[in-house]
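The block underneath contains the structure these notes are about, expressed in structure tokens.
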Amino acid sequence: MDWTLFIYKTIFLFLILLVTLLVAMYSTYGERKVAAYMQDRHGPNRAGPFGLLQPLADGLKMFMKEEIIPLSANRTLFILGPSIAMTTALLTGVVIPWGATLTIGGREFSMQIADLNIGILYVFAMVSIGVYGIMIGGWASNNKYALYGAIRAASQMISYELAMGMSIVALVLTTGSLSLHDIVEQQHGMHWNIFYQPLGFLIFLICAFAETNRAPFDLPECETELIGGYHTEYSSMKLGFYLFAEYINMFISSAVIATLYFGGYNMPFIDQLGLSPNIVTMLGTAFFFLKIFGMIFLFMWIRWTLPRFRYDQLMNLGWKGLIPLSIFNILATGIYYYFTELK
Amino acid sequence: MQALTNRSKVVSDKKMTFLEWIYIPAILKGMSITLKHFFKKKATISYPEQRREFSQVYRGQHVLKRDDEGRERCTACGLCAVACPAEAITMIAAERKPGEEHLYREEKYATVYEINMLRCIFCGDCEEACPKEAIFLTDRIVASEYKRKPFVYGKDILLEPLDPEMRIDVSARQTESVLKFKQNKRFAHNK
Numbered sequence: 314m315d316w317t318l319f320i321y322k323t324i325f326l327f328l329i330l331l332v333t334l335l336v337a338m339y340s341t342y343g344e345r346k347v348a349a350y351m352q353d354r355h356g357p358n359r360a361g362p363f364g365l366l367q368p369l370a371d372g373l374k375m376f377m378k379e380e381i382i383p384l385s386a387n388r389t390l391f392i393l394g395p396s397i398a399m400t401t402a403l404l405t406g407v408v409i410p411w412g413a414t415l416t417i418g419g420r421e422f423s424m425q426i427a428d429l430n431i432g433i434l435y436v437f438a439m440v441s442i443g444v445y446g447i448m449i450g451g452w453a454s455n456n457k458y459a460l461y462g463a464i465r466a467a468s469q470m471i472s473y474e475l476a477m478g479m480s481i482v483a484l485v486l487t488t489g490s491l492s493l494h495d496i497v498e499q500q501h502g503m504h505w506n507i508f509y510q511p512l513g514f515l516i517f518l519i520c521a522f523a524e525t526n527r528a529p530f531d532l533p534e535c536e537t538e539l540i541g542g543y544h545t546e547y548s549s550m551k552l553g554f555y556l557f558a559e560y561i562n563m564f565i566s567s568a569v570i571a572t573l574y575f576g577g578y579n580m581p582f583i584d585q586l587g588l589s590p591n592i593v594t595m596l597g598t599a600f601f602f603l604k605i606f607g608m609i610f611l612f613m614w615i616r617w618t619l620p621r622f623r624y625d626q627l628m629n630l631g632w633k634g635l636i637p638l639s640i641f642n643i644l645a646t647g648i649y650y651y652f653t654e655l656k
Numbered sequence: 181m182q183a184l185t186n187r188s189k190v191v192s193d194k195k196m197t198f199l200e201w202i203y204i205p206a207i208l209k210g211m212s213i214t215l216k217h218f219f220k221k222k223a224t225i226s227y228p229e230q231r232r233e234f235s236q237v238y239r240g241q242h243v244l245k246r247d248d249e250g251r252e253r254c255t256a257c258g259l260c261a262v263a264c265p266a267e268a269i270t271m272i273a274a275e276r277k278p279g280e281e282h283l284y285r286e287e288k289y290a291t292v293y294e295i296n297m298l299r300c301i302f303c304g305d306c307e308e309a310c311p312k313e314a315i316f317l318t319d320r321i322v323a324s325e326y327k328r329k330p331f332v333y334g335k336d337i338l339l340e341p342l343d344p345e346m347r348i349d350v351s352a353r354q355t356e357s358v359l360k361f362k363q364n365k366r367f368a369h370n371k
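For the protein sequence lines, the chains are W and S, in the order given.
Counting from 1 along the first sequence, just add 313 to a position and that's the residue number in our numbering.
Counting from 1 along the second sequence, just add 180 to a position and that's the residue number in our numbering.
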């Protein structure tokens with residue numbers, strides 16, 4: 314067994330876990346700040362300088378709250394729900410290439426935990442399992458509002474996963490690979506996939522909003538109709554897990570979008586500067602995170618701009634809008650490559 | 181029907197054009213509006229550090245004034261209590277003993293002077309009624325409390341401190357026109 318690699322991977326795994334949690338934690342802070350700024354307010358600014366300790370205070374509050382499991386709820390499933398939501402949210406980060414390779418002591422270390430040759434499929438699998446967290450939680454609560462929320466979440470995810478998958482099919486036609494590492498490597502320089510697949514990107518983006526249950530598609534947790542949706546009966550840190558999982562999902566889907574469409578860790582004009590490879594890798598990772606933060610900001614920006622969809626509008630958009638559009642996208646891409654390959 | 185303002189728009193359910201139908205231009209427009217607000221000046225004032233400037237004639241917590249030599253001006257005539265529409269003011273009068281001339285300006289003074297801040301409506305009728313220029317409303321805010329009792333302010337809170345440095349400035353409310361109005365013999369309180 315290669316112990317150096319094993320230790321490196323273990324450290325890197327924990328590092329990614331830590332970074333994911335940290336980013337998700339400060340996304341809650343960022344969300345509140347962005348919301349406040351867009352509404353001409355200051356946002357949290359009391360806990361620590363600029364309110365930077367607010368996420369810690371929120372977390373502490375969640376832990377101190379009374380833990381309630383309703384009598385009529387199914388205890389096992391009730392606890393399983395938020396656990397699944399949290400775990401699957403964290404698992405997706407494994408296949409994302411966070412950077413190129415680092416050369417330490419003559420050995421090359423990839424800044425990706427697992428370079429699966431079916432990386433995209435893995436992401437999809439994890440996202441699909443994530444629905445179970447919401448569904449099981451809503452079902453186990455034994456509360457009609459929670460169940461409504463869970464049903465909405467399930468049907469919404471199924472509808473939008475189709476369009477999302479088909480937009481990825483078109484992307485795979487252009488890249489010819491399912492491995493996220495290869496997809497990023499192909500986008501070297503300014504050959505970002507968004508320029509080759511603008512329609513696919515738009516479809517993927519809309520579906521990503523729906524998959525992460527973010528506004529304007531946050532019907533499963535609609536306060537006005539469903540009180541709180543699937544997490545109506547949840548309290549304390551179990552509720553915290555659900556809310557936190559949403560932010561992790563947002564971070565991970567931003568990372569996936571940046572990887573698939575914005576060139577991942579590729580930085581334009583970096584080769585011309587003549588820097589040492591390790592520095593280039595570091596800069597690339599920093600640039601990748603910049604792209605991710607940009608995407609997270611877009612998520613928040615949309616949330617605080619658009620009102621929530623009505624349920625029939627949501628289904629209309631998914632089945633009658635995005636799916637035909639993504640099929641058209643696949644056809645157009647296929648036809649284009651058929652004729653260009655012929656020459 | 182006549183329009184009330186020129187801002188009204190006639191609603192129609194005509195068929196949407198393609199651009200309207202795909203919604204994206206409308207979404208971008210909305211996003212540009214929110215982004216504009218992102219950089220706008222905030223309307224909030226961070227209260228304890230930053231305070232909004234009060235109006236010159238703001239009517240807040242009362243003060244019982246002393247004269248230049250530090251003697252209490254109030255003579256416990258009770259005109260303020262009579263004028264008070266909320267019946268918030270009560271007082272007990274006492275006669276000045278020989279040797280107390282440095283404490284009280286008039287021969288009669290108030291041993292107890294209480295204003296119930298929960299009853300008070302801060303109308304300012306008390307200061308208008310006062311013939312001795314003894315009571316004024318200031319720009320101070322009445323502090324919040326947990327119980328009802330502490331809201332009955334006695335002389336310990338209302339009376340201004342002796343120290344000339346700590347005197348409470350009421351010049352904004354004690355303008356010349358106010359003085360003239362108070363000294364006008366036509367009004368009942370000066371007869």
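Here a beta-carbon is modelled for each residue, glycine too, at the ideal position from N, C-alpha and C.
None of these values were measured; they are calculated from a predicted model.
Query: Rounded C-alpha distance that separates I207 of chain S from Y339 of chain W; Result: 27 Å
Query: CB contact below 9 Å: I640 of chain W versus chain S; Result: no
Query: Whole-number beta carbon distance between M477 of chain W and E524 of chain W, since they are thought to touch under 8 Å; Result: 7 Å
Query: Interface partners of M403 of chain S on chain W, CB under 9 Å; Result: Only positions 181 to 371 of chain S appear in the structure, and residue 403 of chain S is not among them; the question remains open.
Query: Segments assigned beta strand (DSSP E), at least 3 residues, entirely inside the region 346–419 of chain W; Result: 414–417
Query: Contact with chain W by M297 of chain S, beta-carbon distance below 9 Å; Result: no
Query: Chain S contact residues for R354 of chain W, given Cβ-Cβ distances below 8 Å; Result: K222, A223, T224
Query: Three-state secondary structure (DSSP) of N296 of chain S; Result: strand
Query: H494 of chain W (DSSP reduced to helix, strand or coil); Result: helix
Query: CB contact check: N456 of chain W to chain S, cutoff 9 Å; Result: no
Query: Alpha-carbon to alpha-carbon, M211 of chain S and W657 of chain W; Result: The first residue shown for chain W is 314 and the last is 656, placing residue 657 of chain W beyond what the model contains.
Query: Touching by the beta-carbon criterion (3+ pairs, under 8 Å), the region 608–622 of chain W and the region 579–593 of chain W; Result: no
Query: Interfacial residues, the region 206–217 of chain S to chain W, with Cβ spacing under 8 Å; Result: I207, G210, M211, I213, T214, L215, H217
Query: Which of helix, strand or coil DSSP assigns to Y445 of chain W; Result: helix
Query: C-beta neighbour in chain S for I615 of chain W, strict 9 Å; Result: yes
Query: Uninterrupted alpha helix (DSSP H) stretches inside the region 498–525 of chain W (no shorter than 4 residues); Result: 506–509, 511–524
Query: Cα-Cα separation, F219 of chain S to Y203 of chain S; Result: 25 Å
Query: Beta strand (DSSP E) segment containing V243 of chain S, residue limits; Result: 242–244
Query: Partners in chain S for L619 of chain W, counting only beta-carbon separations shorter than 9 Å; Result: I207, G210, M211
Query: The region 319–352 of chain W: positions lying closer than 9 Å to chain S by Cβ; Result: V347, A349, Y350, M351, Q352
Query: Nearest neighbour of L486 of chain W, chosen from W:G513, W:L373, W:A463 [CA to CA]; Result: W:G513
Query: Endpoints, alpha helix (DSSP H) assigned at T594 of chain W; Result: 590–616
Query: Terminal residues of the alpha helix (DSSP H) in which E538 of chain W lies; Result: 536–539
Query: First and last residue of the uninterrupted alpha helix (DSSP H) at E356 of chain S; Result: 356–363
Query: Residue-chain proximity (N629 of chain W, chain S), Cβ-Cβ < 9 Å; Result: no
Query: DSSP-derived helix/strand/coil call for M550 of chain W; Result: helix
Query: Cα-Cα separation between F391 of chain W and S454 of chain W, rounded to whole angstroms; Result: 6 Å
Query: Residue-chain proximity (N526 of chain W, chain S), Cβ-Cβ < 9 Å; Result: no
Query: For K221 of chain S and Y333 of chain S, the rounded distance between their alpha carbons; Result: 40 Å
Query: Segment contact flag, the region 350–357 of chain W with the region 317–333 of chain W, C-beta cutoff 8 Å, min 3 pairs; Result: no
Query: Ordered list of alpha helix (DSSP H) runs contained in the region 254–312 of chain S, each at least 4 residues; Result: 259–263, 305–309
Query: For L375 of chain S, the first and last residue of its enclosing beta strand (DSSP E); Result: Residue 375 of chain S is absent from the structure shown; chain S starts at 181 and stops at 371.
Query: Contact test: Y473 of chain W Cβ vs the ligand MG heavy atom, cutoff 8 Å; Result: As presented, the structure is devoid of all ligands, the ligand MG included, so that no description of it is given.
Query: Nearest to E534 of chain W (by Cα), restricted to the options W:T653, W:F652, W:Y555; Result: W:Y555
Query: Element boundaries [alpha helix (DSSP H), containing W632 of chain W]; Result: Element bounds for W632 of chain W: n/a, residue is neither H nor E.
Query: Option in W:A337, W:G394, W:T389, W:V347 with minimal Cα separation from L552 of chain W; Result: W:G394
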